[in-house]
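Residues 108 to 809 (the numbering used here) are what the first sequence spells out, left to right.
Following: one structure in C-alpha cells, then a few remarks.
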Amino acid sequence: MDKEGKRYMVTAALPYANGPKHIGHLAGAYIPADVYVRYLRLNNRDVLFVSGSDEHGTAIPNQALKENTTPQAIIDKYDALLRDCFEKLGMSFDIYHRTSEKIHHETSQEFFLTLYNKGLLTEETSEQYYDDEAKVFLADRYIVGTCPKCSFAKAYGDQCENCGSSLSPRELINPRSTLSGKPPVLKLTKHWYLPLQNYEDWLKQWILESHKNDWRPNVYGQCKSWIDAGLQPRAMTRDLDWGIKVPLPNAEGKVLYVWFDAPVGYISATRAFFKEIEKGSFKYAKQNRPFQHVNNETWRKYWQRKDTKLVHFIGKDNIVFHCIIFPIMLHATGEYIVPDQVPANEFMNLEGDKMSTSRGWSIEMHEYLEDFPTKPDELRYALLTNLPETKDSEFTWKDFQAKNNNELVAIFGNFINRALVLTQKYFDNRVPELGVMNEIDQRVVTELKSFPSRIADAIEGYHFREAAAHLMDLARLGNKYLAETEPWKLAKTDLPRVGTILNLALQVSANLAIVCEPFLPFTSKKLKEMLSFSQAMDWRSTGEINLLKAGHGFAEPRLLFEKIEDLVIENQVYKLNEKKRKMELDAQPVEPSKPEISFDEFSKMDIRVGKILKAERVEKSKKLLKFQVDTGMDTRTVLSGIAEHFTPEEMVGKQVTLLVNLAPRKIMGFESQGMILTAADKDGKLRLLQPSDVVAPGSKIS
RNA sequence: GGCGAGGUAGCUCAGUUGGUUAGAGCAUCGGAUUCAUAACCCGAAGGUCGGCAGUUCAAAUCUGCUCCUCGCUACCA
C-alpha cells in the first residue's frame with residue numbers, strides 16, 4: 108500500500124544516450140516526476156530525485172557505427188544534449204548522473220557480486236557466434252547473413268529488415284561478421300543468469316496481492332501478465348566490449364547486461380550525489396535543499412531503510428524492468444527496499460500517429476527548445492494537461508496553442524495582469540488594506556483555502572493532470588471574483604472597498620505563485636519577482652490571505668505569457684511533416700545489390716505469372732493469406748504474409764508473379780507451394796508485381 | 001491467435017467501493033461586461049457511456065459473449 112514516506116527516493120527513467128529524446132518521453136516520465144518532487148520539496152519532505160544518462164548496451168556502439176565515430180563520442184554528445192534539455196525544461200534533478208562514471212561501474216559490480224556471492228546467480232554455457240579475427244563474441248546485430256525466410260542477403264542476426272522477421276543468429280544462412288567480414292565460428296560462452304522464476308511467490312505476494320489496489324491498472328495488468336506467463340532465467344551478462352566488466356575471474360570480454368546496470372544507476376547516482384555533497388564539489392549534483400551530516404553511508408538511508416518510499420517514474424515500455432527484474436534484484440540482495448509505486452504512463456501520440464524519433468515523427472526536446480526557447484512552462488503545461496495517465500493520449504500543435512492561448516494567457520496570465528494593473532492604477536503598485544469582507548469575499552476565501560489540499564491530493568495520488576486542472580481553476584476563481592465584484596466600477600465611489608477586493612485578488616495571485624511552482628517553475632519565479640516575494644514561502648503557507656502585507660510594494664506588471672499565433676503553429680505542423688518526409692527518403696537507402704550470380708544460378712528459378720482464383724484469410728494469423736493460384740500447369744495453394752497490405756477480396760482475379768519451384772513448406776497447417784513476389788516500397792507497403800497486360804497463366808518470366 | 005490496456009459529448013479527456021437529472025476543458029450558440037493580451041464572467045445546446053445478453057430495487061461502474069483501437073507475442077517461403 109501507498110505509505111506516507113519518512114523520506115522519498117524518486118527516480119525518472121534513465122534516458123538511453125543513443126539519440127535525442129522527444130516530448131513523449133517528457134510526458135511519460137520526467138514531467139510528472141518533476142512535479143511530484145517539486146511538490147514534495149515545497150512541503151519540506153526529505154526527497155531525493157535522481158536520473159542520468161544510460162550509456163551502455165549494444166545500441167551505443169551501433170549508433171557509433173552509424174555516425175562513424177566512437178561509442179565514447181556518442182555518449183558524450185547525447186549526454187550533453189539531454190542534460191542541457193532537461194536543465195532548460197526545469198527538471199529539478201538533485202543529480203543527473205551518467206552510467207559511464209566510475210562510481211557506477213563500482214556500484215554495479217558490487218551489486219553483481221552481492222548476488223553472486225550469495226549464490227543467487229546461475230552459470231550457463233551456450234554456443235554463440237564468435238569472430239576469430241576480431242577476437243570477440245558477436246552481438247546479434249553484428250552478424251549478417253541471408254535471411255532464411257525471404258532470402259534477403261543482408262539480414263541481421265536479430266532481425267531481417269527486408270521481411271521484418273525476428274531472427275536468431277543461428278538461423279542465418281551464410282552468416283558473416285560485420286567486423287571482419289569472415290564467417291563467425293560457434294564457440295562456447297558462459298553467462299550468469301538471474302533465475303527470476305525463483306521469486307514468483309514473492310512477486311505474487313508483493314504485486315498481485317499487496318499492490319492490487321494502489322498500482323495503476325496498466326502497470327498491474329502488465330505485471331500480472333508476466334507473472335502468469337511464468338518467469339525464466341534471464342542472462343545478466345553479455346559478450347561485448349562496451350559496458351561494465353563482469354567482476355569475476357575468467358570473465359574477459361564479458362560485461363553486465365545493460366538492463367542490469369541501468370537501474371542500478373539510480374543507486375550510483377544517489378551515492379555520487381552524497382559524495383559530491385560531502386566534498387562540496389559539484390560535478391553532477393545540484394543542491395536543491397540543505398543536507399546535514401552527510402557521509403559515505405548516507406545514500407543507504409534512501410535505498411535500504413524501510414521508511415523510505417521509492418517511486419519510479421517511467422513509460423510503459425519499462426514496466427517489466429522496474430516492476431519485475433529490478434525489484435527481484437533489489438529483493439534478492441536482502442539489503443534493499445523495493446518500489447512503493449511505479450506510476451508508468453502510457454504513450455503520447457503526435458498528430459494522429461505514434462511518436463518515433465527514427466521515423467521523424469516526433470518533437471525532440473531540443474527542437475522544441477530551439478523554436479520556443481522562452482517557453483519551457485508552456486510545454487510543461489500542455490503536456491501536463493494531457494498526460495497519458497490511463498491510456499495513450501495525443502499531442503497536437505493546435506492543442507498546444509489552445510492550452511497556451513485559452514488557459515495560460517487568457518485565464519492565468521490574464522488574471523494576474525488584471526489584479527496587478529488594477530492595483531497599479533488605483534494603489535500605485537502597493538498592496539491595499541483589507542477592509543471588512545462581505546459574503547462574496549468570504550466565499551472566495553473559503554474556496555481559496557480548499558485549493559492547496561485539492562492539488563496536493565491529486566499529486567500524491569499521481570493524478571498530475573487533475574492537479575494541473577485544479578491549478579487553472581484557482582486562476583478561474585480569481586477571474587470570477589473580479590467579474591463579480593467589478594472593482595473598476597467602484598473606484599470612483601468606494602476606494603476602500605476596491606482595496607479590499609484587490610487585496611484579496613493579490614492574495615490569490617500570491618497563492619498561485621507558490622502553488623504553480625511544481626507545474627510551472629519558471630512562471631512561478633517570474634511571478635514571485637513581480638510580486639516582490641522576499642521570503643521563501645512553502646506549501647503550508649498557501650490557502651491563506653496573509654501572504655502579502657498591506658503596503659507591500661511591487662514592480663511594474665509584466666505579462667506572464669504571450670499568445671501564440673496561428674502562423675507559428677502552422678509552421679510547426681509543416682516542419683513536422685517535412686521532417687518525416689525527409690527521414691523516409693534518407694533513412695532507407697536503396698539496398699546495395701547482392702553478390703553476382705551466374706546465369707545458371709538464375710535459371711534455376713522458375714518464375715511465372717499466375718492468376719489468383721481464390722483468396723482467404725488464414726485463421727489465427729494476422730499476416731497470412733491463403734491463395735489458390737492458377738499456374739497454367741496446375742492449381743496450387745500458396746500462402747503469403749501480405750494480409751496487412753491486401754484484402755482477400757481485392758486479390759481474387761489478380762495476376763501475380765510467382766516463384767513456382769520453391770520447395771514447398773508447411774505454414775500454419777497448410778502447405779505452401781510457391782512464393783508470391785512483391786516489391787516493398789520505402790514506406791514499407793507492399794505492391795504486387797504484375798505484367799503490364801494480361802498474359803496466360805503459366806507465362807514464364809526471364 | 002495468446003496476454004495486457006483502452007473504447008464516455010464534434011475534439012482532448014475525468015468518472016472513487018454500482019445509487020438521485022453522466023462531468024471538465026476546448027470548439028459551437030446566446031447573454032453580460034470593458035479592469036485585462038477582443039481576454040474574463042454567466043448560460044444553453046450537445047452523449048441510448050462500442051454492441052448484445054445477464055446479475056440487481058438500481059449498471060458507464062459487476063458477469064458472459066461480441067466488435068474496434070493500441071502494446072507485447074506467434075505466424076511472414
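We put the CB at the ideal spot given by N, CA and C, even for glycine.
Computed from a predicted model, the values in this text were never measured in an experiment.
| said: At 3 residues or longer, what runs of the beta strand (DSSP E) sit wholly inside the segment 473-502? | reply: Runs of the beta strand (DSSP E) inside the segment 473-502: 500-502.
| query | So what's M644 in DSSP terms, helix, strand or just coil? | reply | Here M644 sits in coil by DSSP.
| field | Residues that D183 bridges to, as DSSP identifies them | value | D183 is not bridged to any residue.
| message | Please state the DSSP three-state secondary structure of L683. | response | Of the three classes helix, strand and coil, the one that applies to L683 here is helix, per DSSP.
| request: Find out if the Cβ-Cβ distance for the pair Q339, K294 is shorter than 8 Å. | output: Against a cut-off of 8 Å, the Cβ pair of K294 and Q339 comes out as no contact.
| Counting pairs of Cβ atoms below 8 Å between the segment 713-726 and the segment 755-767, do you hit three or more? | When C-beta atoms of the segment 713-726 are compared with those of the segment 755-767, three or more pairs fall below 8 Å, so the two segments count as touching.
| request: Locate the beta strand (DSSP E) running through N281, then write down its first and last residues. | output: For N281, the enclosing beta strand (DSSP E) has its first and last residue at I280 to S284.
| said: Counting C-beta neighbours from all protein chains within 10 Å, is the total for K110 16 or more, i.e. buried, or is it exposed? | reply: Unreliable positioning characterises K110 in this predicted model, as indicated by a pLDDT of 45, which lies under 50. A coordinate reading is not provided.
| query | So is P798 buried or exposed if we call it buried at 16+ other beta carbons inside 10 Å? | reply | Exposed, since its Cβ has fewer than 16 Cβ neighbours within 10 Å.
| task | Could you say if the segment 124-131 and the segment 446-458 meet the contact criterion of at least three C-beta pairs nearer than 8 Å? | result | The segment 124-131 is in contact with the segment 446-458.
| message | With distance defined between alpha-carbon atoms, name the residue in M436, L515 and K413 nearest to M116. | response | When each option's Cα is compared against that of M116, the closest is K413.
| field | Alpha-carbon to alpha-carbon, L634 and Y533 | value | Between the C-alpha atoms of Y533 and L634 there is a straight-line separation of about 20 Å.
| said: Quick check on the DSSP output: the beta strand (DSSP E) that includes F734 runs from which residue to which? | reply: Counting along the chain, the unbroken beta strand (DSSP E) around F734 starts and ends at L732 to D737.
| query | Between the segment 563-583 and the segment 666-680, are three or more C-beta pairs nearer than 8 Å? | reply | These segments do not touch.
| Quick one: Cα of C270 to Cα of G422, how far? | In this prediction, C270 scores a pLDDT of 48, lower than 50, which makes its location untrustworthy; no coordinate-derived value is stated.
| request: Output the boundary residues of the alpha helix (DSSP H) element that contains Y373. | output: Bounds of the alpha helix (DSSP H) holding Y373 are V365 to K386.
| query | For A612, which residues of its own chain have a beta-carbon under 7 Å away from its beta-carbon, when the five flanking residues on both sides are left out? | reply | The beta carbon of A612 sits closer than 7 Å to the beta carbons of A526, G585, Y588 and L589 from its chain, once the five residues preceding and following it are set aside; these are given in chain order.
| Given that a residue counts as buried once 16 or more other Cβ atoms are within 10 Å of its Cβ, and exposed if not, what is T530? | The residue in question, T530, is buried, as its Cβ has 16 or more Cβ neighbours within 10 Å.
| query | What are the start and end residues of the alpha helix (DSSP H) that includes Q411? | reply | Taken as a continuous stretch (DSSP letters only), the alpha helix (DSSP H) holding Q411 covers T405 to Q411.
| field | Inter-residue spacing [alpha-carbon to alpha-carbon] between V516 and F193 | value | Those two C-alpha atoms are separated by around 24 Å.
| Anticipated Cβ contact below 8 Å, T229 with K297, distance rounded | For T229 against K297, the beta-carbon gap comes to about 11 Å, at or over 8 Å, which does not count as contact.
| field | Rounded separation between H438 and P771 - CA only | value | Looking at the two C-alpha atoms, the distance is approximately 52 Å.
| query | Are V725 and L746 touching if we call contact CB-CB under 8 Å? | reply | In contact: V725 and L746 (Cβ atoms closer than 8 Å).
| said: Contact between the segment 330-348 and the segment 302-319 is defined here as three or more beta-carbon pairs at a separation below 8 Å; is this criterion met? | reply: Cβ pair count under 8 Å is three or more, so yes.
| task | Please specify which runs of the beta strand (DSSP E), each continuous and at least 3 residues long, are wholly inside the segment 599-664, giving them in chain order. | result | Entirely contained in the segment 599-664, not one beta strand (DSSP E) run reaches 3 residues.
| query | Mind checking L303: buried by the 16 CB within 10 Å criterion, or exposed? | reply | Buried is the call here.
| Delimiting residues of the alpha helix (DSSP H) encompassing V551 | Run containing V551: E546 to E567, per the alpha helix (DSSP H) assignment.
| query | Which residues in the same chain have their Cβ closer than 6 Å to the Cβ of K686, if we skip the five residues on either side of it in sequence? | reply | Excluding sequence neighbours, K686 sits near G467.
| said: If I measure Cβ to Cβ from S710 and keep anything under 8 Å in the same chain, skipping five residues before and after, which residues do I get? | reply: Once the five neighbours on either side are set aside, the close Cβ partners of S710 are S809.
| said: What does the Cβ neighbour count give for P594, buried or exposed, with the cut at 16 atoms within 10 Å? | reply: With 16 or more Cβ atoms within 10 Å of its Cβ, P594 is classed as buried.
| field | Integer-rounded CB distance, given that D161 should sit under 8 Å from P122 | value | That belief holds up - the Cβ atoms of P122 and D161 are roughly 6 Å apart, short of 8 Å.
| What did DSSP end up calling H570 once you bin it into helix, strand or coil? | H570 falls in the coil class under three-state DSSP.
| query | Which of helix, strand or coil does DSSP assign to F420? | reply | In the structure shown, F420 adopts extended strand secondary structure according to DSSP, grouped into three states.
| Are the beta-carbon atoms of P139 and N524 separated by less than 8 Å? | Taking 8 Å as the Cβ cut-off, P139 and N524 do not qualify as a contacting pair.
| request: Return the chain-ordered list of same chain residues with a C-beta closer than 7 Å to the C-beta of R561, the five sequence neighbours on each side being excluded. | output: If we look at R561 and ignore the five residues flanking it on each side, its Cβ neighbours are H577.
| request: Kindly list the residues whose CB is nearer than 7 Å to the CB of R743, restricted to its own chain and excluding five residues on each side of it in sequence; keep chain order. | output: The answer, listed in chain order, is V736, Q780 and G781.
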